[in-house]
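Counting from 1, position 148 in the sequence shown corresponds to residue 148 in UniProt numbering; the numbering is continuous, with no gaps.
The beta carbon of each residue, even a glycine, is placed where N, CA and C say it ideally should be.
This one's a predicted model, so the numbers in the text were calculated from it and none came from an experiment.
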Amino acid sequence: MSHIVSLRSASLRALRSNSTTRLAVATVTKCTTYPNRPNFHQQQCSFSTLPLSPTGIFSTQNNSFTKRSLSDQTLIVKSSYGSLSALTRCLHTSSIRFELVNVVTPSFPESVKDGGIRFLKKVGDAVAVDETIAEIETDKTNLSVNAPTAGVITSLIVKDGDSVISGAQIAVIDTSGVGAKPATSGKPAETTDAAKTKEEPSKASASSSGPAPRTTPSVPTVPKGPQRETPTSQISVTPAKQVQTATGIDPHKITGTRSETRVKMSRMRLKIAERLKEAQNTCAMLTTFNEIDMSNMVEFRKKYADQFLKRHNMKLGFMSAFVKASACALVDNPIVNAVIDGNETVYRDYVDISVAVASPKGLVVPVLRNVEKMNYADIERTISEYGEKAKKGTLAIEDMDGGTFTISNGGVFGSLFGTPIINPPQSAILGMHGIFDRPVAINGKIEIRPMMYVALTYDHRILDGRDAVLFLRKIKQYVEDSRSIFLDI
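This is the structure:
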């Protein structure tokens, strides 16, 4: 039976015929298989070779080496299993050229060195072009590994959970489609084996313990008098044999079985914890508070919500007002936009505001660039795009790099009051909270107004209390009366 012999581009290297002699393969024409031997097929391959020396090449035939001139030669493989495997490492017999394709990890950003891989497909699964077969979890976001071609996954080079770097080979795809197996082909066998394994100890224990007693054992009587006290340290709240270690479970379900489950923290969660603790250990954080009357902003939103939606095809929210007010306040107070670098203070003539967004995998902080040049529509559009990316897990590292100021909106979850933590190396962060109707004094009268508490946490090493308070009052002014932004007052 005649086949085309394909040589993968990644395998165009020297063919090792033994431990000391190499044979370089340039092209391959065809291979004929003779099914005459009971153990291994005898293969006769015609190929062209490149000389290892200026005068000729070495080829092997009948387990001997022959020096020949540069031309088409014939290589007969009929020796031991080792010789055959040495050949098949570089050559592959197939009716389709380039049937095996390597899957490699994508390029990582400069700030990311490695990541933990999680496979979404297993060996034997069929994949389509650009279908996601694995995810790489980094310190900041997840990177998708897509199939470069359609085919069947024949092998996984790394294990699930291993750390990989940029450009590492993780899997092999067979484009011919041969070797596909059902996704559940291995599960029944494993289940059967596991069941047999569980049945054998059960039978052994039953035979050793003898027949079951026919009578119910009597209940022990309750002793009279005070009981001996047992130190609390000797009591095991949860027996060690009931403690389980598992991954991929729902930690929000409490069933009352008094068991414990340990779940490994994700790389993103570990990085968030590290940065928050770094902020506490580095910054001299202090928080100042104020309250904002949202009456004008609520009326403004009601009045222009429909027109804004019709023109820009998106809703008008409160976030754009706070982002724009913060940008204008940062322009008025450049020290809040500055940062400490060693023994120097670095001032920036641009405003990049990070907006904290909750994603299924943790807190992410994408950055809005040059907010001082944006209007409400630009801000709402950018935040909406980042929100969709966060839900899908497609935020890039570049989307979260940088930032000169951060806004965290806990009001979407109904928060009344809180103190945010600085996002290092920034110098301040604004915390928004929920809008609630409260009685306030207006011109000597008690009125019910929609009010919001706001908090500004700042680094006291670079900001004095006066600067922080005036900055927060400026935000309050711009939100309560946005006309003052246009009047530059």
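- In terms of Cα proximity to Gly414, the closest of Met400, Thr406, Ile435 and Pro425 is Ile435.
- Under the three-pair Cβ rule at 8 Å, the region 316-324 counts as touching the region 366-384.
- Distance from the CA atom of Gly403 to the CA atom of Val331, rounded to whole angstroms, is 15 Å.
- In the structure shown, the three-state DSSP call for Phe108 is coil.
- In the DSSP assignment, Ile133 forms no beta bridge with any residue.
- In the DSSP annotation of this structure, the continuous segment of the alpha helix (DSSP H) that includes Val479 starts and ends at Gly465 to Glu480.
- Contact between Phe405 and Asn337 holds: their C-beta atoms lie close to 6 Å from each other, under 8 Å.
- Fully contained in the region 354-419 are the following beta strand (DSSP E) runs of length 3 or more, in chain order: 357-359, 362-364 and 405-409.
- Here Gln426 is buried, its C-beta having at least 16 other C-beta atoms within 10 Å.
- Counting along the chain, Ala305 sits inside the alpha helix (DSSP H) bounded by residues Ser295 to His312.
- The DSSP-derived three-state label of Ala168 is coil.
- Closest by C-alpha distance to Ala126, out of Leu143, Val152, Val145 and Val112, is Val152.
- Residue environment for Ala441: exposed (fewer than 16 other C-beta atoms within 10 angstroms of its C-beta).
- Here DSSP, grouped into helix, strand and coil, assigns Phe436 to strand.
- Distance from the CA of Ile397 to the CA of Val145, rounded to the nearest whole angstrom, comes to 15 Å.
- Thr154 is bridged by DSSP to nothing; it lacks a bridge partner.
- Here the region 103-118 makes contact with the region 134-145; the two share three or more CB pairs at distances below 8 Å.
- In the structure shown, the three-state DSSP call for Asn337 is coil.
- Looking at the DSSP output, Arg118 bridges to Glu135.
- Cβ atoms of Thr132 and Leu120 come within 8 Å of each other, at about 6 Å.
- Across the structure, Ala279 and Leu100 are spaced so that their CA atoms are roughly 49 Å apart.
- Rounded to the nearest whole angstrom, the C-alpha separation of Arg267 and Ala273 is 10 Å.
- About 7 Å separates the beta carbons of Val323 and Leu368, which is inside the 8 Å limit, making them a contact pair.
- Taken through DSSP and simplified to helix, strand or coil, Asp332 comes out as helix.
- By alpha-carbon distance to Ile422, the top candidate from Asp437, His460 and Ala390 is His460.
- In terms of Cβ geometry, Ile448 and Asp437 form a close pair [threshold 8 Å].
- Beta-bridge partners of Pro450 (DSSP): Asp437.
- Its chain contains Ala329, Asn333 and Val336 as the residues whose beta carbon lies nearer than 6 Å to that of Phe471, once the 5 sequence neighbours on both sides are disregarded; these appear in chain order.
- DSSP, reduced to helix, strand and coil, places Met265 outside both helices and strands of the structure shown, so it counts as coil.
- In the structure shown, Asn290 adopts extended strand secondary structure according to DSSP, grouped into three states.
- If you look at Ser144, you'll find it in the beta strand (DSSP E) that goes Asn142 to Asn146.
- Around the Cβ of Leu487, a 10 Å sphere holds fewer than 16 other Cβ atoms; the residue is exposed.
- Beyond the five residues adjoining it in sequence on each side, Phe289 comes within less than 6 Å, by CB distance, of Ala455 in the same chain, given in chain order.
- Pairing Ala321 with Ser163 gives a Cβ-Cβ distance that is not under 8 Å.
- Here DSSP, grouped into helix, strand and coil, assigns Lys253 to coil.
- Distance from the Cα of Lys392 is smallest, within the candidate group Ser176, Met432 and Ala358, for Ala358.
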